[in-house]
Amino acid sequence: MRLQMMQKINGLRHKRFSDAAAPGKVRDIRGRRAWLNVQQMLKRSGRHCVSGKTSKEKKEEPVTDTFNFEDVCHLYQLYRTVERIKAGSSSGATIELEICELKRGRLHWPYNFVIAPKRLRRKADAHRQMDSIDHHVPCGFKGSLYRALLDFFGDSKKLDIALAESLFDDPPLLSLQQIIANGSSSFVFTLLEVECRRLGFRHEAMYMRNYACELTTEQSIEKFGEALFFTFLYHTSEEDLFSSFFSKSLPAKCYPKIPHDSITLYIQIMTERRRSEILDFIEVVSHRFFCTAYSRKKIQKKKDSDVKK
0 MRLQMMQKIN GLRHKRFSDA AAPGKVRDIR GRRAWLNVQQ MLKRSGRHCV SGKTSKEKKE
60 EPVTDTFNFE DVCHLYQLYR TVERIKAGSS SGATIELEIC ELKRGRLHWP YNFVIAPKRL
120 RRKADAHRQM DSIDHHVPCG FKGSLYRALL DFFGDSKKLD IALAESLFDD PPLLSLQQII
180 ANGSSSFVFT LLEVECRRLG FRHEAMYMRN YACELTTEQS IEKFGEALFF TFLYHTSEED
240 LFSSFFSKSL PAKCYPKIPH DSITLYIQIM TERRRSEILD FIEVVSHRFF CTAYSRKKIQ
300 KKKDSDVKK
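Each residue of the sequence shown is one higher than the last, beginning at 0 in numbering that gives the first Met the number 0.
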């Protein structure tokens, strides 16, 4: 009985401390770049805040014009993750990172956002220019993101406690350690592998690591990572180089019967074949998408002249 009483007293003390500390924690959160980035993103999206702290129930169709508290928390933690990668990794400090919406959907908004190198995201957007562009800028909520959430919480005390409990600590993503620990070697490749796992592309992530073993230098692994990351971000209804690469490269379900004395030779042949496929993939992506606009025009002119001949 006495133990229960002490636990109750300690719980009340902890609650009073949380209530008193929450406003200060929230002021710290609202002053962070991550919070301002989420606020800017949601305003540009044209979405409106809706009531309800969580949205865990799965819907048949994704909602396209609203967000709630849980969505804000998820986006905030993604931006905080970017900040921690930049602070902890030498490559993260030199390679600009951002979060962007992944067009290949296995998850609904905003859980389909990927942390990506800014340079590759811009290239993907540049090649997507041919698609129809909507110049209408949607009108979302007005004022601050905090005010938008408060309108539906109705009580600043409850909102402050919810924000402090959900956002004050850094995101507990163990995968961060893998990216940061990798230092400057194959940073983009490692980032893509981690993001594939997080976003549900587990088989692709597993095969990525296997294929990397076939490459002999960190530079070639990083080039492979850049080519894969670009095709992960960019695809059309007619062409998906990321998916086609893995579908062609998946190991056969039925292996041929090989004499014991020929196994070593067979492994060598398959290793060379996989390495050749990887290098061909890197060359195709680099030639088609990573060269300058001037070079692309020259390539297109040459193709047109070859067709006329």
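Even for Gly, the Cβ is constructed at its ideal location relative to N, Cα and C.
Quick one: what's got a C-beta closer than 7 Å to residue i's C-beta in the same chain, skipping five residues either side?
i      : result
ALA147 : CYS48 and PHE140
ARG121 : none
LEU166 : ILE28, CYS72 and TYR75
ILE266 : none
In the DSSP assignment, find the beta strand (DSSP E) that holds residue i and state where it starts and stops.
i     : result
ILE98 : 96 to 100
Just curious, the alpha helix (DSSP H) that residue i is in, first and last residue?
i      : result
PHE288 : Per DSSP, PHE288 belongs to no alpha helix (DSSP H) and is neither H nor E.
CYS72  : 68 to 87
HIS202 : 201 to 211
LEU106 : Careful: LEU106 lies outside any alpha helix (DSSP H) and carries neither H nor E.
SER165 : 155 to 166
Going by C-alpha distance, which of the options is nearest residue i?
i      : options                          : result
CYS99  : TYR206, PHE228 and ARG273        : PHE228
LEU119 : VAL81, ARG31, SER165 and GLU97   : GLU97
LEU240 : LYS301, SER143, LEU41 and PHE288 : PHE288
ILE277 : LYS247, GLY87, ILE84 and LEU101  : LYS247
LYS102 : THR216, PHE66 and THR230         : THR230
LEU77  : ALA123, VAL284 and LEU198        : LEU198
THR359 : ASN36, SER285 and ALA115         : Since the first and last residues shown for the chain are 0 and 308, residue 359 lies out of range.
PRO109 : LYS117, MET40 and ARG274         : MET40
GLU164 : GLN267, VAL37, PHE68 and LYS297  : PHE68
LEU214 : LEU264, LEU158 and ASP279        : ASP279
PHE70  : LYS24, VAL25, GLY87 and LEU144   : What sits at residue 70 in the sequence shown is Asp, not Phe. It is LEU144 whose Cα lies nearest to the Cα of ASP70.
ARG26  : ASP159, GLU221 and ILE268        : ASP159
ARG127 : LYS85, ILE268, GLU238 and HIS286 : GLU238
Below 6 Å CB to CB, which residues in the same chain sit around residue i once its five sequence neighbours on both sides are set aside?
i      : result
MET207 : GLU192
ASP64  : ARG46
CYS195 : GLU203 and ALA204
LYS117 : GLU95 and GLU97
GLY153 : none
GLN38  : LEU144
Rounded to whole angstroms, what's the CA-CA distance from residue i to residue j? Just pull it up for me.
i      : j      : result
TYR210 : PHE223 : 9 Å
ALA19  : PHE186 : 42 Å
HIS202 : PHE112 : 19 Å
SER236 : GLU271 : 32 Å
ASP150 : ASP124 : 35 Å
GLU281 : GLY30  : For clarity, residue 281 is Ile in the given sequence; the question names Glu instead. Rounded to the nearest angstrom, the two C-alpha atoms are 42 Å apart.
ARG32  : ARG274 : 42 Å
TYR233 : ALA161 : 37 Å
VAL284 : PRO22  : 50 Å
ALA226 : GLY142 : 41 Å
VAL81  : THR291 : 28 Å
ARG79  : SER304 : 51 Å
HIS107 : SER242 : 20 Å
GLU221 : LYS157 : 47 Å
LYS42  : LEU35  : 11 Å
ILE84  : LEU264 : 42 Å
GLN218 : SER44  : 38 Å
Helix, strand or coil: how does DSSP classify residue i here?
i      : result
VAL113 : strand
ILE268 : helix
CYS48  : strand
THR230 : helix
THR65  : strand
PHE140 : coil
ASP124 : helix
ARG197 : helix
SER185 : coil
ARG43  : helix
LEU35  : helix
LEU214 : coil
GLU221 : helix
GLU237 : coil
GLY30  : coil
Please go through the same chain and pick out, in chain order, the residues whose beta-carbon is closer than 8 Å to the beta-carbon of residue i, but skip the five residues on each side of it.
i      : result
PHE245 : HIS202, GLU203 and TYR206
LYS300 : none
ARG105 : ASN111, LEU198, GLY199 and PHE200
LYS297 : none
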